[in-house]
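In our numbering, the protein residues as written are 412 to 576. Reviewing the structure listed below.
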């Protein structure tokens, strides 16, 4: 027996929400310098977007735990808007661009093979370490922002009188 697929309203809500969330992230990050040209500013812009999205996703789920939302709306806002607003792929691309000096120009301008061939090994190791540290920091701060959002949304629900504590 096969499971029924999602309702068309859910699919449309996720697709529309995905477009809206991607556009919102692009608009916010677009005003900041590119991670390829100004690594710290680019990282901070992506970190800010992802922390805001983590908080909002936590808030959304905290509110939804208190009072369920229609399935299409929950999927459209959660998976669609906030899932595309917080983009792990953008963070990973920024990490790759920062981690290996000389790679950014090759990626950004299609300079071809050998664009980063003259990079000093110590600089490569230091840059890779900084990129990994930034990824770890983003994961820790993102988790904290999500937890703060859950709490702001009223999660966990207060126990009913006489229920388990």
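Just so you know, even glycine gets a beta-carbon here, dropped at the ideal spot from N, CA and C.
Simplified DSSP state of residue i, which is helix, strand or coil
| i | result |
| --- | --- |
| residue 443 | coil |
| residue 414 | coil |
| residue 520 | Residue placement at residue 520 is poorly supported in this model, since its pLDDT is 48, which falls under 50; the coordinates still yield a value, given next. Three-state DSSP puts residue 520 in a helix. |
| residue 449 | coil |
| residue 558 | helix |
| residue 433 | helix |
| residue 564 | coil |
| residue 479 | coil |
| residue 498 | coil |
Residue i Cβ short of 7 Å to the ligand COA heavy atom set
| i | result |
| --- | --- |
| residue 546 | The ligand COA is not part of the structure shown, which contains no ligands of any sort. |
Delimiting residues of the alpha helix (DSSP H) encompassing residue i
| i | result |
| --- | --- |
| residue 482 | 482–486 |
Own chain residues within Cβ distance below 6 Å of residue i, not counting five before or after
| i | result |
| --- | --- |
| residue 483 | 420, 421 and 424 |
Neighbourhood of residue i by C-beta, 7 Å cutoff - its chain only, sequence neighbours within 5 removed
| i | result |
| --- | --- |
| residue 521 | In this prediction, residue 521 has a pLDDT of 44, which is less than 50 and means its spatial position is unreliable; what the coordinates show is noted afterwards. Counting only Cβ-Cβ distances below 7 Å, and skipping sequence neighbours, we find nothing. |
| residue 462 | 552, 553 and 556 |
| residue 498 | 436 |
| residue 549 | 458, 461 and 502 |
| residue 561 | 469, 472 and 473 |
When the options are compared against residue i, the one with the closest alpha-carbon
| i | options | result |
| --- | --- | --- |
| residue 457 | 466, 468, 417 and 443 | 443 |
| residue 426 | 560, 531, 544 and 496 | 496 |
| residue 543 | 465, 454, 471 and 413 | 454 |
| residue 488 | 558, 414, 418 and 429 | 429 |
| residue 546 | 451, 466, 467 and 485 | 451 |
Minimum Cβ-Cβ distance from residue i to chain D less than 8 Å
| i | result |
| --- | --- |
| residue 479 | Checking the listed chains, one finds no chain D in this structure; it contains a single protein chain. |
Cβ shell of residue i (< 8 Å), same chain only, five flanking positions each side left out
| i | result |
| --- | --- |
| residue 477 | 564, 565, 566 and 568 |
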